[in-house]
Amino acid sequence: MSRFKRLKYYLGFSEAVKIYLKLKMNSFNNLSLKGLKYPFAMRNNPSDYITFTEVLVKKDYKLPFEFTPTAIIDAGGNIGLTAIFFASQFPDAKIVTLEPDKNNFDLLLGNVAPYKNIIALNKGIWTSNAFLNVIDTGNGQNSFIVEEILVPNEQSVEAVAIHEIMQQQGWSGIDLLKIDIEGTEKNIFETNYEKWLPFTKVFFVETHDRMKKGCSAAVFTAANKYNFSCTVAGENFLFVNEDLMKS
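Numbering (the working numbering), first residue to last: 645 to 891.
Shown next, in the form of structure tokens:
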């Protein structure tokens, strides 16, 4: 399917024309879409366009049921498109978005700036508070991986655990969690997950077994210890905590 046909299929003719012409003219700033409260920007590269398509065109993170979350964590914020999608859908929610890569984070900051309900952190997600090195795999700006280091350096970034974010925000639980962290999901679903997973109502996760073996197994093993149901949502698995959603 061509780029324009895909845009038309998901957005409709008039909005597809508007976006297509701007991108065709290499105008990647001040982009707007119905459903978003404010304009956004992206870079002229394949990675940003893929993220734009998944998040804002196909709306992979749109919940397929009625639910209004008020406590949201966006782990793997990239350039901020998921955070602004959630903020536009749920204007009364508090959203914490985290992105470890500095170049991605700089663009994320600009995109989320108009939304007063978004807290942006230039940090990674880990099993505990730590320091991480960000590693460019050569597969684009949405494919960076991280590794823990014992001694911080000029290139390292801080990492924070999910349960630490809950404590910092004064949350007893998480309503909606999105996880797209290029293989680090294996780590966070293997260690200390009992401090946050049973208190999470809904989460999206994209697993990356091609980057780190055992990612899917770790996610499903942890989720199966609690009463989660699971469906496929675009590139992601969507888990729902049936006990918490009934309460």
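Glycine residues also receive a C-beta, built at the ideal position from the N, C-alpha and C atoms.
Buried versus exposed call for residue i [16 or more other C-beta atoms within 10 Å across all chains shown]
i      : result
ASP718 : buried
PHE749 : buried
GLN813 : exposed
LEU752 : buried
THR712 : exposed
THR695 : buried
GLY721 : buried
MET810 : buried
THR865 : exposed
THR714 : exposed
ALA805 : buried
GLY754 : exposed
LYS845 : buried
Residue i, enclosing alpha helix (DSSP H) - first and last residue
i      : result
PHE864 : 859-867
ALA757 : No alpha helix (DSSP H) contains ALA757, which DSSP labels as neither H nor E.
SER772 : No alpha helix (DSSP H) contains SER772, which DSSP labels as neither H nor E.
Opening and closing residue of the beta strand (DSSP E) in which residue i lies
i      : result
ASP704 : Unbroken run through ASP704: none, as it is neither H nor E.
PHE881 : 880-885
LEU841 : Here LEU841 belongs to no beta strand (DSSP E), and DSSP marks it neither H nor E.
ILE663 : Unbroken run through ILE663 is the alpha helix (DSSP H), 657-668; no beta strand (DSSP E).
ASP832 : Strictly speaking, residue 832 in this sequence is Ile, with Asp absent from that position. ILE832 -> not in any beta strand (DSSP E); alpha helix (DSSP H) instead, spanning 829-832.
SER618 : Coverage of the chain is limited to positions 645 through 891, which leaves residue 618 absent and any answer about it impossible.
SER873 : 872-877
ILE762 : 762-765
Cα-Cα separation between residue i and residue j, rounded to whole angstroms
i      : j      : result
LEU699 : THR726 : Going by the sequence as given, residue 699 is Val instead of Leu. Rounded to the nearest angstrom, the two C-alpha atoms are 6 Å apart.
GLU798 : ILE663 : 39 Å
GLU636 : ALA867 : Any property of residue 636 remains undetermined from this structure, which presents the chain solely from 645 to 891.
ASN786 : PRO690 : Legend: pLDDT at ASN786 = 49, less than 50; position of this residue unreliable, value from coordinates given subsequently. Going by the C-alpha atoms only, they are around 10 Å apart.
GLY817 : LEU888 : 10 Å
ALA877 : TYR870 : 20 Å
PHE672 : LYS666 : 7 Å
ASN766 : PRO744 : 5 Å
SER800 : GLY656 : 43 Å
LYS890 : PHE684 : 36 Å
MET669 : TRP815 : 45 Å
ILE762 : TRP770 : 20 Å
HIS807 : LYS839 : 6 Å
CYS874 : GLU886 : 10 Å
ILE716 : THR697 : 22 Å
LYS649 : GLN733 : 26 Å
LYS738 : LYS652 : 32 Å
LEU776 : ILE832 : 14 Å
GLU829 : PHE709 : 25 Å
TYR837 : SER772 : 10 Å
SER854 : ALA861 : Looking at the sequence shown, residue 854 is not Ser but Arg. Computed Cα separation, rounded: 13 Å.
VAL884 : ASP736 : 21 Å
CYS629 : LEU820 : Residue numbering for the chain in the displayed model covers 645 to 891; residue 629 lies beyond these limits and cannot be assessed.
Q. What are the complete beta strand (DSSP E) segments, minimum 3 residues, inside the segment 797-823?
A. 801-805, 818-823, all fully within the segment 797-823.
Q | 4-residue-minimum alpha helix (DSSP H) runs that sit fully inside the segment 677-754, ordered along the chain | A | The segment 677-754 contains these whole alpha helix (DSSP H) runs: 690-696, 725-733.
(Q) Could you check whether the segment 823-832 touches the segment 842-855, counting it as contact only if at least three pairs of C-beta atoms, one from each stretch, sit closer than 8 Å? (A) Yes: at least three Cβ pairs fall under 8 Å.
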